[in-house]
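Visitor: One structure is given below, represented as structure tokens, and several questions about it will come after.
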Amino acid sequence: MARLYSSPPSATPFSEAKPQLLVAWWITLFSTCIILLRLSGRYVRVEKLFIEDRVVAVALLPLYLRMACIHLVFVYGTNNVDLDGIDLSGQDVRRRVIGSRLVLASRIFYAATLWVLKFATVEFLARLGGSARKERYTRITTGLRWALGASFLAVVVSDLAECRPASHYWQVVPDPGPQCRQGMAQLLTMGISSAAVDVVLVIFPIPMIVRSRIAPKRKLLLVLLFSFGFLTVGVTLYRVARIVQRHGDQVVRSTWASVDILATTAVANVVAVGSFLRDTGVKKVRYRPGGDYGQSSSAAADGSRRWTMGTTATATATATTTAAAAVEWEAALQSRYSRASHQAQSKTAAAAWARDMDSTEGDDDDDGAGGDGVRREPSKASTTATGGNRPVSPAESSSSLIHPYQRASRASAVDAGDQFGDPHLLRPPSPVVQAPLRR
């Protein structure tokens, strides 16, 4: 451990640290775009978020808390600098004290961001292992959850327990010593834990992929995607070596921490985002007349479409779509029954009109007078639209009337059915039978 600690690095003015600060902000925003792309793509495809998607969304909180701390650390500086020959004012000392305190918080937020993203990968593998129905996969994912929790606790303890007393963490003058300035214990603990967990997350899904029944090209592609996790292992190992070489310089340390966050974000989301780009994986089933809702389609390696049994999310989407189709069908039937009832009422009204016609003709024979000597006037509802006094059948006055002595055509019935739904779902209603007009 004595070789890890060294003399403090030279002070870096803020004007020279601005490019690294811009890189840190750019990486933070780019990581945010990757996470939002995953969340929006998942919701568009299945209209829900899986557990791992919600976990990835949680990573945005420590990501921006860390960036807020790092911004002030770049501006204020820390106590891990060589102050020989530098005349510090009281304000400069206070600002470096604030920066040194924020460094401790930023390291915890940095670890929290990485561990939340790793936990999202574990939850994805747990769902993958659950679909394989292997008990050993469940035990392994449970062990990974415990390992993540224990390693994160170890990182936090190493960050806060390396220096005693704790106030020396932010002491500027006199020099508190390298053990309180450089934070090498936290660097090694986090680097080793992160690399070990990443190796396990890469190796764990490979046996499931190899034993699956998918095409060989597809297996190779998935193995390569999961092997992308070795990128974070390489970044972590190089970061640790680089920071030790630069005597724990905080600008270098924060810059490589941002690079590590970007690599971890890409690895945690590459499988999900890749499935969106290839149009594979779980997606909602849209309603198609005569379609098979128990299956979902996926793209084969040769570009053709093949049908595979849907997952639990697909089955849920299928049930929802089928229920919606049933509601539409019921509404269409109710519309048809309403039209049939209207036709029956029209027939009843036509019969009543015919009886009234007979009575009217009898009255006309008596010069318009009834048996009681009172003349009956025809009602307004029974007069014709042309201004005549001849009573008109309710069926004849309907807007669907084509000709007074013709029945409604089958084509007009189909057109009427189009107003209520798909004509393929409903048979054309029976044509309206017009009552014959009596002269």
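If you read the sequence shown in UniProt numbering, its first letter stands for residue 1, the second for the next number, and so on.
Beta carbons: idealized from backbone N, C-alpha and C, even for Gly.
None of the values given here were measured: they were computed from a predicted structure.
Under the three-state reduction of DSSP, which class applies to D198: helix, strand or coil?
Guide: Start at 1 with the first residue of the sequence shown, and residue 198 comes out as number 198. Correct three-state label for D198: helix.
Visitor: What does a CB cutoff of less than 7 Å around Q179 pick up in its chain, not counting 5 residues either side in sequence?
Guide: Mapped onto the sequence shown, residue 179 falls at position 179. Hits under 7 Å: Y5, E162, C163.
Visitor: Where does Q20 fall in DSSP's three states?
Guide: Position 20 of the sequence shown, counted from the start, is the residue given in the question as residue 20. Q20 falls in the helix class under three-state DSSP.
Visitor: Output yes or no for whether 8 Å exceeds the beta carbon distance between S106 and V156.
Guide: As a first step, residue 106 is located in the sequence shown; it is residue number 106 there, counting from the start. As a first step, residue 156 is located in the sequence shown; it is residue number 156 there, counting from the start. Cβ distance not < 8 Å, so S106 and V156 don't count as in contact.
Visitor: Beta carbon of T264, beta carbon of L117: below 8 Å?
Guide: Here the question's residue 264 lines up with position 264 in the sequence shown. Here the question's residue 117 lines up with position 117 in the sequence shown. In this structure, L117 lies closer than 8 Å to T264 by Cβ.
Visitor: Based on the DSSP secondary-structure assignment, which residues constitute the bridge partners of D82?
Guide: For the purposes of this step, residue 82 is taken as the residue at position 82 of the sequence shown. Looking at the DSSP assignment, D82 forms a beta bridge with S10.
Visitor: Go ahead and pull the three-state DSSP assignment for C163.
Guide: Here residue 163 refers to the residue found at position 163 of the sequence shown. Three-state DSSP puts C163 in coil, outside helix and strand.
Visitor: Using a Cβ-Cβ cut-off of 8 Å (strictly less than) and excluding sequence neighbours within five positions of S254, which residues of its own chain qualify?
Guide: Residue numbering aside, residue 254 sits at position 254 when the sequence shown is read from its first letter. Q20, A24, I70, V73, F74, S106, listed in sequence order.
Visitor: Which residue's Cα is closest to the Cα of T189: A111, L220, E123, I203?
Guide: The residue given as residue 189 occupies position 189 in the sequence shown. Among A111, L220, E123, I203, the Cα nearest to that of T189 belongs to A111.
Visitor: CB-CB under 6 Å to L201, same chain, minus the five flanking residues each way: which ones, in chain order?
Guide: Your numbering for residue 201 matches position 201 in the sequence shown. Closer than 6 Å at Cβ, skipping near neighbours: T121, G229.
Visitor: DSSP three-state call for P174: helix, strand or coil?
Guide: Indexing the sequence shown from 1 puts residue 174 at position 174. DSSP places P174 in coil when its eight states are reduced to three.
Visitor: Is the Cβ-Cβ distance between G191 and V240 less than 8 Å?
Guide: Here residue 191 refers to the residue found at position 191 when the sequence shown is read from its first residue. Here residue 240 refers to the residue found at position 240 when the sequence shown is read from its first residue. Contact: yes.
Visitor: With DSSP run on the structure shown, which of helix, strand or coil describes A272?
Guide: Counting from one through the sequence shown, the residue named residue 272 turns up at place 272. Helix.
Visitor: From the DSSP output, in three-state form, read off H247 for me.
Guide: On the sequence shown, residue 247 is found 247 positions in, with the first residue counted as 1. Looking at H247 - three-state DSSP - the assignment turns out to be coil, as it is neither helix nor strand.
Visitor: Which same chain residues, not among the five before or five after S158, have their C-beta less than 7 Å away from its C-beta?
Guide: To locate residue 158, count along the sequence shown from 1; it is residue 158. For S158, where only same-chain residues beyond five positions count, the Cβ hits under 7 Å are A185, Q186, T189.
Visitor: Assuming V235 contacts V259 under a Cβ cut-off of 8 Å, what Cβ separation, rounded to an integer in Å, is found between them?
Guide: Here residue 235 refers to the residue found at position 235 when the sequence shown is read from its first residue. Here residue 259 refers to the residue found at position 259 when the sequence shown is read from its first residue. Contact holds; Cβ gap of about 6 Å.
Visitor: Can you find at least 3 beta carbon pairs, one from the stretch 272-279 and one from the stretch 29-47, that sit closer than 8 Å?
Guide: Counting Cβ pairs under 8 Å, three or more are found: they touch.
Visitor: In terms of residues, what are the limits of the alpha helix (DSSP H) holding K219?
Guide: Here residue 219 refers to the residue found at position 219 when the sequence shown is read from its first residue. From DSSP, the alpha helix (DSSP H) with K219 extends over 216-227.
Visitor: Give the single residue among L148, V55, Y137, R45 whose Cα lies nearest to the Cα of P207.
Guide: Here residue 207 refers to the residue found at position 207 when the sequence shown is read from its first residue. When each option's Cα is compared against that of P207, the closest is Y137.
Visitor: Taking I209 as the reference, which of L125, Y76, F14 has the closest Cα?
Guide: Sequence index remark: in the sequence shown, residue 209 carries index 209 (1-based). Of the candidates L125, Y76, F14, the one whose C-alpha sits nearest the C-alpha of I209 is L125.
Visitor: Look at the alpha carbon of I402 and the alpha carbon of Q343, and state the distance between them as a whole number of angstroms.
Guide: As a position in the sequence shown, residue 402 is number 402, starting the count at 1. As a position in the sequence shown, residue 343 is number 343, starting the count at 1. For I402, the predicted structure reports a pLDDT of 41, less than 50, and the residue's modelled location is therefore unreliable. A value from the coordinates is still provided. Cα to Cα, I402 sits roughly 16 Å from Q343.
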